[in-house]
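Only one structure is covered here, and it is reproduced in the block below.
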Amino acid sequence: MLSKRVQGFTESVIREMTRLNNLYGGVNLAQGMPNFAPPKELLDAAHRALDGEFHQYAVTWGTPNLRKAIAVKFEKFYGISVDPERQVTVCCGSTETMLATLLGILDPGDEMIVFEPFYENYGPGAIIAGAEPVFVPLEPPDFTFDPDRLAKAFGPRTKAIIINSPNNPAGKVFSREELEIIANLCIRHNAIAVTDEIYEHIVFDGLRHVPIATLPAMADRTVTISGISKSYSVTGWRIGYAIASPEITLGIRRAHDFITVGAPHPLQEAAVAALTLPDSYYAWLREMYQAKRDLLLGLLEKAGFKCFKPSGAYYILTDAAHFLREFDCADDTAFATYLVKEIGVATVPGSSFYAHRELGRTEIRFCFPKTDETLREAGQRLLKLTHR
Ligand code: GLN
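Reminder that position 97 of the sequence shown reads as 111 in this note's numbering, one-by-one numbering, no gaps.
What follows is the structure in structure tokens.
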């Protein structure tokens, strides 16, 4: 009874792990969402918005107040001026933003380059748009790419490339030099850079996030996607947005209009309070997450995991090959299931981030947007792996 389209989808492994976690009463380090409160300014703004006049549909591509706040913030952080009337589209989370973008720019038969490992939604996104993903590996331990291999992936059918920086699951932050290589290829092949920058403010060790839109000649061929979920700890509010040229924006808005009509109106109004938080908020956010990264890194290493130290985002990818052998697990999924059932910690099996699933067959992803107490509890439980 099902369409060929959805037959190609596998269930989201991330959400399946959350389900198993609830079943076994584990500590959930699978689905990347905070278990602590968002900033009070947002909650106050949401209460005010609900008491206001925002109960009917907003303008389909976003309330004027929010689009303006997005444009002002982008210019303040990255120095590019954006016209909120013609260049900003607000959607239901960055996931819908990505889907509306892909539907807005891709035709069946087009190719779209995706770095691997990648966040699980890009695959179904490409399938829905009828486009063909072409994968280019990011190679551990530092998850760089081979420029020649990337150049070979570009061809006459390449319409777009997805860049997710900081990257989920590897925590890689693309350097300006790497982005220049990608930008030059986009320009040479007349391709669009579609960037998922949802972790833009979660960058460690003094590194800086560089949006590829800020590189010469890239603003008009880039769709910059972000949202409020991760920067302000409100993944359930479902407010994401795209910044693009007026021409591309038209395509994104047309698709978005027929997918969801619009994001929740009161929460769009409340999101203005997030985007206008002072600079000190972002310094606090970076420090808070860097401390959590260091805490979980220490706990995982103590428990015997081989970690790839992330430079951004809030995940730690690990190589657990030795544990798979020791616990007689055929693959990452078997080991992740063992972890949640027997150890009481939910994680995400690495292969869910690869189209070539064998590449992630020994990898396990942990997330750390959790209270220190939760992280320590997980660390304590994981010690059972080596001290039985
Ligand atoms: N972005 C989050 C993660 O990667 C949540 C994703 C999801 O629910 N699919 O864990």
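Don't be surprised by glycine CBs; every beta carbon is placed ideally from N, CA and C.
{"Check": "When you compare only the Cα positions, how much space is there between threonine 249 and glycine 241?", "Outcome": "9 Å"}
{"Check": "Given a cut-off of 9 Å on the beta-carbon distance, is the pair leucine 399 and isoleucine 330 in contact?", "Outcome": "no"}
{"Check": "List, from N- to C-terminal side, the beta strand (DSSP E) runs of 3 residues or more that fit wholly inside the segment 144-217.", "Outcome": "146-151, 172-178 and 206-210"}
{"Check": "Grab the span of the alpha helix (DSSP H) containing threonine 388 for me, first residue to last.", "Outcome": "386-396"}
{"Check": "Which term fits serine 365, buried or exposed, when burial requires 16 or more other beta carbons within 10 angstroms of its beta carbon?", "Outcome": "buried"}
{"Check": "Spatial neighbours of phenylalanine 188 within its chain, please: C-beta separation below 7 Å, excluding the five flanking residues on both sides.", "Outcome": "Ile177 and Ser179"}
{"Check": "Pick out the complete beta strand (DSSP E) segments inside the segment 312-356, 3 residues or longer, and give them in chain order.", "Outcome": "320-322 and 329-333"}
{"Check": "If you follow the beta strand (DSSP E) that threonine 238 is in, where does it begin and where does it stop?", "Outcome": "236-241"}
{"Check": "Can you tell me whether threonine 332 is buried or exposed? The criterion is at least 16 other CB atoms within 10 Å of its CB, across all chains shown.", "Outcome": "buried"}
{"Check": "Apart from the five residues on each side of it in sequence, which residues of its chain come closer than 6 Å, Cβ to Cβ, to isoleucine 266?", "Outcome": "Thr103, Ala114, Thr115, Gly118 and Ala256"}
{"Check": "Put threonine 109 into one of helix, strand or coil per three-state DSSP.", "Outcome": "helix"}
{"Check": "Counting along the chain, where does the alpha helix (DSSP H) carrying tyrosine 133 start and finish?", "Outcome": "Segment: none, tyrosine 133 is in no alpha helix (DSSP H) and carries neither H nor E."}
{"Check": "How about proline 48 and serine 259: do their beta carbons lie closer than 9 Å?", "Outcome": "no"}
{"Check": "I'd like to confirm something about isoleucine 206: is its beta-carbon nearer than 8 Å to some heavy atom of ligand 1, or not?", "Outcome": "no"}
{"Check": "Which stretch, first to last residue, makes up the alpha helix (DSSP H) that contains isoleucine 257?", "Outcome": "Looking at the DSSP string, isoleucine 257 is not in any alpha helix (DSSP H); the run it does join, the beta strand (DSSP E), is 254-257."}
{"Check": "With which residues is proline 103 paired in a DSSP beta bridge?", "Outcome": "According to the sequence provided, residue 103 is threonine. The question's proline does not apply to it. Looking at the DSSP assignment, threonine 103 forms a beta bridge with Ala256."}
{"Check": "By the DSSP assignment, the alpha helix (DSSP H) with glutamate 55 in it spans what residues?", "Outcome": "54-65"}
{"Check": "Reducing DSSP to helix, strand and coil, say where phenylalanine 129 ends up.", "Outcome": "strand"}
{"Check": "Just checking my contact of phenylalanine 382 with tyrosine 296 at CB under 8 Å: how many whole Å lie between their CB atoms?", "Outcome": "At roughly 18 Å, the Cβ-Cβ gap does not stay under 8 Å, so phenylalanine 382 and tyrosine 296 are not in contact."}
{"Check": "What residue from Ala51, Glu214, Asp162 and Gly40 has the CA that sits closest to threonine 238's CA?", "Outcome": "Glu214"}
{"Check": "Which residues in the same chain as alanine 207 place their Cβ atom closer than 8 Å to its Cβ, once the five residues preceding and following it in sequence are excluded?", "Outcome": "Ala174, Ile175, Ile177, Ile196, Ala197, Cys200, Ile226, Ala227, Met232, Arg235, Thr236 and Val237"}
{"Check": "Under three-state DSSP, which class holds proline 363?", "Outcome": "strand"}
{"Check": "Would you mind giving the Cβ-Cβ distance between aspartate 210 and serine 108, rounded to the nearest angstrom? I have them listed as a contact below 8 Å.", "Outcome": "6 Å"}
{"Check": "Where does histidine 401 land, buried or exposed, given buried means 16+ other C-beta within 10 angstroms?", "Outcome": "exposed"}
{"Check": "Between aspartate 342 and threonine 376, is the Cβ-Cβ spacing less than 9 Å?", "Outcome": "no"}
{"Check": "Verify the contact flag: isoleucine 28, CB atom, against every heavy atom of ligand 1, threshold strictly below 8 Å.", "Outcome": "yes"}
{"Check": "CB-CB under 6 Å to arginine 59, same chain, minus the five flanking residues each way: which ones, in chain order?", "Outcome": "Correcting the residue identity first, residue 59 is alanine in this sequence and not arginine. Around alanine 59: Ala284 and Ala287."}
{"Check": "Does the beta-carbon of glutamine 101, which I'm using as the reference point, lie nearer than 8 Å to any heavy atom of ligand 1?", "Outcome": "no"}
{"Check": "Does the beta-carbon of histidine 61 have 16 or more other beta-carbons within 10 angstroms, so that it is buried, or is it exposed?", "Outcome": "exposed"}
{"Check": "Let me know the secondary structure DSSP gives valine 27 once reduced to three states.", "Outcome": "helix"}
{"Check": "Which residue from Phe337, Gly276, Phe218 and Leu229 puts its Cα closest to that of leucine 299?", "Outcome": "Phe218"}
{"Check": "To which residues of the same chain is phenylalanine 337 closer than 8 Å at the C-beta, ignoring the five residues directly before and after it?", "Outcome": "Gly318, Phe319, Cys343, Phe349 and Leu399"}
{"Check": "Check the DSSP bridge columns for phenylalanine 380 and list the partner residues they point to.", "Outcome": "Ile330"}
{"Check": "Less than 9 Å separating the beta-carbons of valine 354 and leucine 34?", "Outcome": "yes"}
{"Check": "Which whole-angstrom value describes the C-beta separation of leucine 212 and tyrosine 303, a residue pair presumed to lie in contact below a C-beta threshold of 8 Å?", "Outcome": "Note that residue 212 is isoleucine in the sequence shown, not leucine. Actually they are not in contact, since the Cβ atoms of isoleucine 212 and tyrosine 303 sit about 14 Å apart, beyond 8 Å."}
{"Check": "Under the DSSP definition of a beta bridge, which residues are partnered with isoleucine 35?", "Outcome": "The question names isoleucine, but residue 35 is asparagine in the sequence shown. BP columns for asparagine 35 are empty, so no partner."}
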